[in-house]
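Asker: The structure follows.
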Amino acid sequence: MKRRIIIIFVLIFAFIFALTGCNDKSQNEDEANLHYIEEEYNLDVDKGKIYGTLMMPKDREGSTVALIIAGSGPTDRNGNNSSMKNNSLKMIAEALAKEGISSVRFDKRGIGESASLIEKEEDLVFEDYVNDVVGWIEKLKKDNRFNKVVVIGHSEGALIGAVAVNNTDVDGFVSIAGVGYSAYETLERQLKAQSQQVFEICKPIMDELMKGNLVDDVPEGLYSLFRPSVQPYLISWFKYDPVEEISKVEEPVLIIQGDNDIQITVEDANRLYEGNPESKLVIIEGMNHILKDAPEDREGNIATYSNPTLPLNKRFVQELINFINEL
């Protein structure tokens with residue numbers, strides 16, 4: 014039974030709670046020389062710096078700048094982690110630069126070059142990520158090289174971005190593969206689908222966390238998910254409803270979702286759209302969670318996560334560029 018529980022949680026939240034990141038700095042220099050320049054671009058925060066990369070078109074300043082927010086777990090500024098390199102977020106930056114749009118992407122606190130900002134796991138809460146994004150937005154608004162700021166969030170980064178946008182002013186918001194259910198609801202649904210027995214064991218723990226209470230007595234088989242050091246983050250994360258947050262965004266919104274995404278579904282995107290019916294919803298055929306064309310079978314889909322040579326889905330790139338250019 015314990016082995017089954019552990020396997021289930023490895024499958025469910027493989028990307029969510031690993032706080033040890035990687036920092037992939039590999040560059041395609043020939044491509045870089047053609048279209049853009051890159052420079053280190055960092056944000057000063059309470060315990061040091063959050064390290065980022067500013068990518069700018071070579072021949073254009075005073076342009077729009079996009080802030081790209083990575084998803085959950087140990088995903089770095091390029092969209093990679095230690096076991097899976099796909100360069101999806103770096104490719105977004107490159108695609109934007111080719112069209113005259115600047116961008117900033119960064120290693121979230123606890124990840125990559127920003128790893129030292131989290132000394133103890135129990136010190137991290139969801140609002141830390143939100144406050145960091147607000148800080149990035151304010152920094153970009155003060156940078157006179159740019160005249161518009163757009164926030165682009167991928168996966169969990171979409172929720173972080175929506176909450177941040179509701180606490181400051183931007184010119185547009187893009188949710189890419191954003192979850193449509195709260196973390197509590199998502200975990201509840203996944204547990205029920207996997208095992209009713211496991212769900213019944215987890216439910217009392219989840220309910221206490223939802224109330225804001227720490228849980229001391231965690232069964233051994235559930236420790237990786239509900240360990241005491243991660244509970245402050247779960248408590249802070251559970252209270253955010255993505256539909257409610259996106260409903261409060263007053264700026265133009267683009268919601269993009271691939272129908273071959275095995276992590277986030279079209280249903281999630283539809284829920285977000287229902288929350289903000291003034292937004293633009295785009296469902297892209299054949300695109301998976303890392304924004305690449307992928308086969309329908311699960312094994313082939315997952316294989317794309319470790320293939321950095323695959324390009325981004327062409328329609329995705331065009332929809333993103335069109336939205337930004339129309340702001």
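Sequential numbering from 14 applies to the sequence shown in our numbering.
Glycine included, each C-beta is placed from N, C-alpha and C at the ideal position.
Keep in mind it's a predicted model, so treat the numbers as computed, not measured.
(1) In this structure, how does DSSP classify Asn314 when only helix, strand and coil are distinguished?
(2) Tell me, which residues are paired with Arg118 by DSSP?
(3) Roughly how many whole angstroms lie between the Cα atoms of Asn36 and Gly234?
(4) How is Leu227 classed by DSSP in three states: helix, strand or coil?
(5) Which residues does DSSP pair with His48 in a beta bridge?
(6) Exposed or buried, Glu258, counting other C-beta atoms within 10 Å across all chains shown (16 or more means buried)?
(7) Is it buried or exposed for Leu227, if we count other Cβ within 10 angstroms and need 16 for buried?
(8) Leaving out the 5 sequence neighbours to the left and right, which residues in its chain are closer than 6 Å to Lys293 when beta-carbon positions are compared?
(9) Going by C-alpha to C-alpha distance, which of Thr77, Leu340, Ile82 and Pro255 sits closest to Gly288?
(10) The beta strand (DSSP E) with Gln270 in it runs from where to where?
(11) DSSP beta-bridge partners for Lys161?
(12) What I want to know is whether the C-beta of Asn335 ends up closer than 7 Å to one or more non-hydrogen atoms of the ligand HEM.
(13) Looking at the structure shown, is Asp306 part of a helix, part of a strand, or coil, going by DSSP?
(14) Would you tell me roughly how many angstroms separate the C-alpha atoms of Val262 and Val178, rounded to the nearest one?
(15) Helix or strand or just coil, what does DSSP make of Glu53?
(16) In three-state terms, what does DSSP make of Ile124?
(17) May I ask you to list the residues that DSSP assigns as paired with Val58?
(18) Tell me, please, which residues DSSP counts as bridged to Phe212.
(19) Compute the Euclidean distance between the alpha carbons of Leu67 and Tyr49, then round it to the nearest angstrom.
(20) In chain order, what residues of the same chain lie with their CB nearer than 6 Å to the CB of Val4, ignoring the 5 residues before and after it?
Answerer: Judging by the given coordinates:
(1) Here residue 314 refers to the residue found at position 301 when the sequence shown is read from its first residue. Helix, per DSSP.
(2) In the sequence shown, counting from the first residue as 1, residue 118 sits at position 105. Paired residue(s): Thr66 and Ile81.
(3) By one-based count along the sequence shown, residue 36 stands at place 23. By one-based count along the sequence shown, residue 234 stands at place 221. Legend: pLDDT at Asn36 = 40, less than 50; position of this residue unreliable, value from coordinates given subsequently. Their backbone Cα atoms lie some 31 Å apart in a straight line.
(4) Position 214 of the sequence shown holds residue 227. If DSSP states are grouped into helix, strand and coil, Leu227 belongs with coil.
(5) Position 35 of the sequence shown, counted from the first residue, corresponds to residue 48. Its beta-bridge partners do not exist; DSSP assigns none.
(6) As a working note, residue 258 is residue 245 in the sequence shown. Glu258 should be labelled buried.
(7) If you number the sequence shown from 1, residue 227 lands on position 214. Exposed is the call here.
(8) Translated into positions along the sequence shown, residue 293 becomes position 280. Taken in chain order, the residues that qualify are Leu267.
(9) For the purposes of this step, residue 288 is identified with residue 275 of the sequence shown, where counting begins at 1. Ranking Thr77, Leu340, Ile82 and Pro255 by Cα distance to Gly288 puts Pro255 first.
(10) Position 257 of the sequence shown holds residue 270. If you look at Gln270, you'll find it in the beta strand (DSSP E) that goes Val266 to Gly271.
(11) For the purposes of this step, residue 161 is identified with residue 148 of the sequence shown, where counting begins at 1. DSSP, once it has assigned bridges, lists Thr77 as partnering Lys161.
(12) The ligand HEM is absent from the structure shown, which contains no ligands of any kind.
(13) Position 293 of the sequence shown, counted from the start, is the residue given in the question as residue 306. Strand.
(14) Counted from its first residue, the sequence shown places residue 262 at position 249. Counted from its first residue, the sequence shown places residue 178 at position 165. C-alpha separation (whole angstroms): 7 Å.
(15) By one-based count along the sequence shown, residue 53 stands at place 40. Glu53 falls in the strand class under three-state DSSP.
(16) Numbered from its first residue, the sequence shown carries residue 124 at position 111. Note: Ile124 maps to coil in three-state DSSP.
(17) Numbered from its first residue, the sequence shown carries residue 58 at position 45. Answer by DSSP bridge pairing, in chain order: Gly61.
(18) Your numbering for residue 212 matches position 199 in the sequence shown. BP columns for Phe212 are empty, so no partner.
(19) As a working mapping, residue 67 is identified with position 54 in the sequence shown. As a working mapping, residue 49 is identified with position 36 in the sequence shown. Distance from the CA of Leu67 to the CA of Tyr49, rounded to the nearest whole angstrom, comes to 10 Å.
(20) Since the first residue shown for the chain is 14 and the last is 340, residue 4 is missing from the structure and cannot be characterised.
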